[in-house]
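Undergrad: These protein sequence lines are chains V and F, in that order. Going left to right, the first sequence walks through residues 1 to 221 as full-length UniProt numbering numbers them. Going left to right, the second sequence walks through residues 1 to 216 as full-length UniProt numbering numbers them. First the structure, which I've put down as structure tokens, then a few questions once you've had a look.
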Amino acid sequence: MNVLNFVHAFFSDSSHWHGYDGIPTRVWEHVQYSLEALAYAAVIGLPIGLLTGHYGRGGNALALIATAGRALPSFGLLVLMFIWLGFGMLPVMIPLVILAVPPILVTTYEAMRSVDPSPVDAARGMGMPETRVLFQVELPVALPLILSGLRSAAIQIVSTATIAAYVSLGGLGRYIIDGLYQKNYEKVVGGATLVAAMALATLGIFWAVQRLTVSPGVRRG
Amino acid sequence: MSGFFDIPSDLQNTYFGLIGLHLREALIPVLAGLLVSLPVAQLCVRLRWLYPPVLGVTTILYAIPSLAFFVVLIDYTGQTETTVMIPLSVYSLVVLVPAIVDGVRSVPEETLAAATAMGLGPVRRYFQVQLPIAVPAIIAGLRVATVSSISLVSVGMLIGNQGALGNLLNDANIYHRPELAVNSVVTTAVLAILADAALVLVRRVLTPWMPKESTR
């Protein structure tokens, strides 16, 4: 009951809806941080995962890198990078990208490995060059799993981007950190609700992308 | 690197004390998550219709950011260790339920039929056949849950210094001693890697029939 009252109070206060600390500004900042981090992580993780999966090599090395990446604490890394590099986007991006690369890398590799070998052989037998085998045969079949890796990376980024506020940046974490120091639980709960809603929206977006991009032949019940 | 292990007195703890505290705050939730997820997963295996809604609820719970979860709980459990451990238990649960369900479901139909034919009741069949065969999948889930739990404890620093090794991060800031932040990050990462390696070892001991080289 308590929490619901706070949520209602936060969202019905019209002063929360405009200005530099307004909900639209903070949501937009959060979206920007998340998209930027996801883009970097995908640029690093997807090609490596696709190639290692295609050639079937380096699986153990990937597993090691993924374990090391997961083991690094995001929050600690953020504070450390802030101390070393000073104020800016880089100290926030480094932990977010390190957080997001392991799920993308490992799932992409696994997705490529789990592609049924007979259509791949058939494509090669028909004289398809390796790049077309990769992009026109393996990738479409592996796509649902690859997307699920991107999805879990995106959700972790969205919920972890809140810590950017601890090093004086914006985003939805602002409400949570400020509210915590001001003992303003209405603000904290409002911020938490917004982040959770954004994570759910991310789930929804990935579901839609999957419906649009995965070929009906690959989609199974 | 002078004073690398020199823990400021405001934390009222030694370096090894912080490590012990960190492991307690991280591992008790994983254990609690495992104890709850075993029966939940078994229910999901038995009642097929239950699995999709359970999966939906756990996905939503996982989407709640740890910091928000901690802060909302302060209202109920105060700035205590419990406030850190409840969300971590929930995250462990979320990782473990699908891992266990997939593991138990991967047991071949013939194996179950053989067990039944040998006269095993449902309880013995579960503990002596299904659970052992699901061990690799369960351990895989436990590895993810344990490593992320160890990493997330540090965030507890924000709610009244309940972050064990994470508390060093705050001290690094207020006393301008960056080596404390390095200490916190490195120690936490080493703990996570050691815990992960320990779980791999446990899996090897529990499943002597599995080939050795498979690391996953």
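Backbone N, C-alpha and C fix where the C-beta goes; we use that ideal spot for every residue, glycine too.
Taking the alpha-carbon positions, what's the V:V214 to V:V141 distance?
TA: If I take the Cα positions, the gap works out to 8 angstroms.
Undergrad: Helix, strand or coil for V:M168, going by three-state DSSP, please let me know.
TA: The sequence as given places Ser at residue 168 of chain V; Met does not occur at that position. Here V:S168 sits in coil by DSSP.
Undergrad: Of all the CB atoms in chain F, is at least one closer than 8 angstroms to the CB of V:F206?
TA: No, no contact with chain F.
Undergrad: Does chain V have any CB closer than 8 angstroms to the CB of F:T215?
TA: The predicted position of F:T215 is uncertain, since its pLDDT is 48 and thus under 50; a value taken from the coordinates is nonetheless stated next. Closer than 8 angstroms to some Cβ of chain V, the Cβ of F:T215 qualifies, so yes.
Undergrad: Using a Cβ-Cβ distance cut-off of 8 angstroms, determine whether F:L55 contacts chain V.
TA: Chain V, which has no Cβ nearer than 8 angstroms to the Cβ of F:L55, makes this no.
Undergrad: Below 7 angstroms on C-beta distance, what does F:T141 contact in chain V?
TA: Checking the sequence, you will find Gly at residue 141 of chain F rather than Thr. The premise fails here: F:G141 is roughly 13 angstroms from chain V at the closest Cβ pair, so nothing lies under 7 angstroms.
Undergrad: What is the DSSP secondary structure of residue 221 of chain F, reduced to helix, strand or coil?
TA: Residue 221 of chain F is absent from the structure shown; chain F starts at 1 and stops at 216.
Undergrad: V:V189 versus chain F: which residues are under 7 angstroms apart at the beta carbon?
TA: Those within 7 angstroms of V:V189 in chain F are V72.
Undergrad: Quick one: is V:I146 near chain F, going by C-beta distance under 8 angstroms?
TA: Judged by the 8 angstroms Cβ criterion, V:I146 is not in contact with chain F.
Undergrad: Does any residue of chain V bring its CB to less than 8 angstroms from the CB of F:A189?
TA: Closer than 8 angstroms to some Cβ of chain V, the Cβ of F:A189 qualifies, so yes.
Undergrad: If we ignore side chains and look at the alpha-carbon of each, how far apart do V:A192 and V:G86 end up?
TA: In a straight line, the C-alpha of V:A192 is about 27 angstroms away from that of V:G86.
Undergrad: Name, please, each residue of chain V whose Cβ falls closer than 8 angstroms to the Cβ of F:I86.
TA: Chain V residues near F:I86: none, gap ~14 angstroms exceeds 8 angstroms.
Undergrad: Looking at the secondary structure, which residues open and close the alpha helix (DSSP H) in which V:K187 lies?
TA: First-last of the alpha helix (DSSP H) with V:K187: 185-213.
Undergrad: According to DSSP, is V:F6 helix, strand or coil?
TA: Residue state, collapsed to three classes: helix.
Undergrad: From the DSSP output, in three-state form, read off F:S148 for me.
TA: Note: F:S148 maps to helix in three-state DSSP.
Undergrad: Using a Cβ-Cβ cutoff of 9 angstroms, what residues of the segment 39-71 of chain V are near chain F? List them in chain order.
TA: Listed by position, the residues of the segment 39-71 of chain V near chain F (Cβ gap below 9 angstroms) are G59, N60, A63, L64, T67, A68, R70, A71.
Undergrad: Find the residues of chain V that neighbour F:A173, judging by a C-beta separation of less than 8 angstroms, and give them in chain order.
TA: Strictly speaking, residue 173 of chain F in this sequence is Asn, with Ala absent from that position. Correct list: V79, I83.
Undergrad: Apart from the five residues on each side of it in sequence, which residues of its chain come closer than 7 angstroms, Cβ to Cβ, to F:P39?
TA: Nothing meets the Cβ criterion.
Undergrad: Does V:Y185 have its Cβ less than 8 angstroms from a Cβ in chain F?
TA: Chain F, which has a Cβ nearer than 8 angstroms to the Cβ of V:Y185, makes this yes.
Undergrad: Tell me whether the beta-carbon of F:C44 lies closer than 8 angstroms to the beta-carbon of F:V54.
TA: Yes, the pair counts as a contact, with Cβ atoms nearer than the cut-off.
Undergrad: Below 8 angstroms between beta carbons: does that hold for V:V120 and V:V137?
TA: Contact flag set, yes.
Undergrad: Are there 16 or more other CB atoms within 10 angstroms of the CB of F:M85, so buried, or fewer, so exposed?
TA: Buried.
Undergrad: Strictly under 8 angstroms for the Cβ-Cβ distance: is V:A153 near chain F by that measure?
TA: No, V:A153 does not count as interfacial toward chain F.
Undergrad: Determine the burial state of F:Q162: buried for a count of at least 16 other Cβ atoms within 10 Å of its Cβ, exposed for fewer.
TA: So F:Q162 counts as buried.
Undergrad: Can you give me the C-alpha to C-alpha distance between V:V133 and V:M126, rounded to a whole angstrom?
TA: Each residue's alpha carbon lies about 10 angstroms from the other.
Undergrad: Please report the straight-line C-alpha distance between F:Q128 and F:A117, rounded to a whole angstrom.
TA: So the two alpha carbons sit approximately 14 angstroms from each other.
Undergrad: Mind pulling the chain V residues with CB within less than 8 angstroms of F:L158?
TA: The answer, in chain order, is Y166, I177, L180.
Undergrad: For a contact meaning CB atoms closer than 7 angstroms, what does F:G166 contact in chain V?
TA: Going along chain V in sequence order, the residues near F:G166 (Cβ under 7 angstroms) are F75, G76.
Undergrad: Can you give the Cα-Cα distance for V:Y20 and V:I94, rounded to whole angstroms?
TA: Between V:Y20 and V:I94, the C-alpha separation is close to 25 angstroms.
Undergrad: Going by alpha carbons, who is nearest to F:S149 out of F:F5, F:S9, F:V104, F:H22?
TA: The residue with the shortest Cα to Cα distance from F:S149 is F:H22.
Undergrad: Using a Cβ-Cβ distance cut-off of 8 angstroms, determine whether V:A111 contacts chain F.
TA: It does not; no Cβ of chain F falls within 8 angstroms.
Undergrad: V:E130: buried (16+ other C-beta within 10 angstroms of its C-beta) or exposed?
TA: Answer is exposed; the Cβ neighbour count stays below 16.
Undergrad: Taking only the alpha-carbon atoms, compute the straight-line gap between F:L201 and F:T207 and give it to the nearest angstrom.
TA: So the alpha carbons of these two residues sit roughly 10 angstroms apart.
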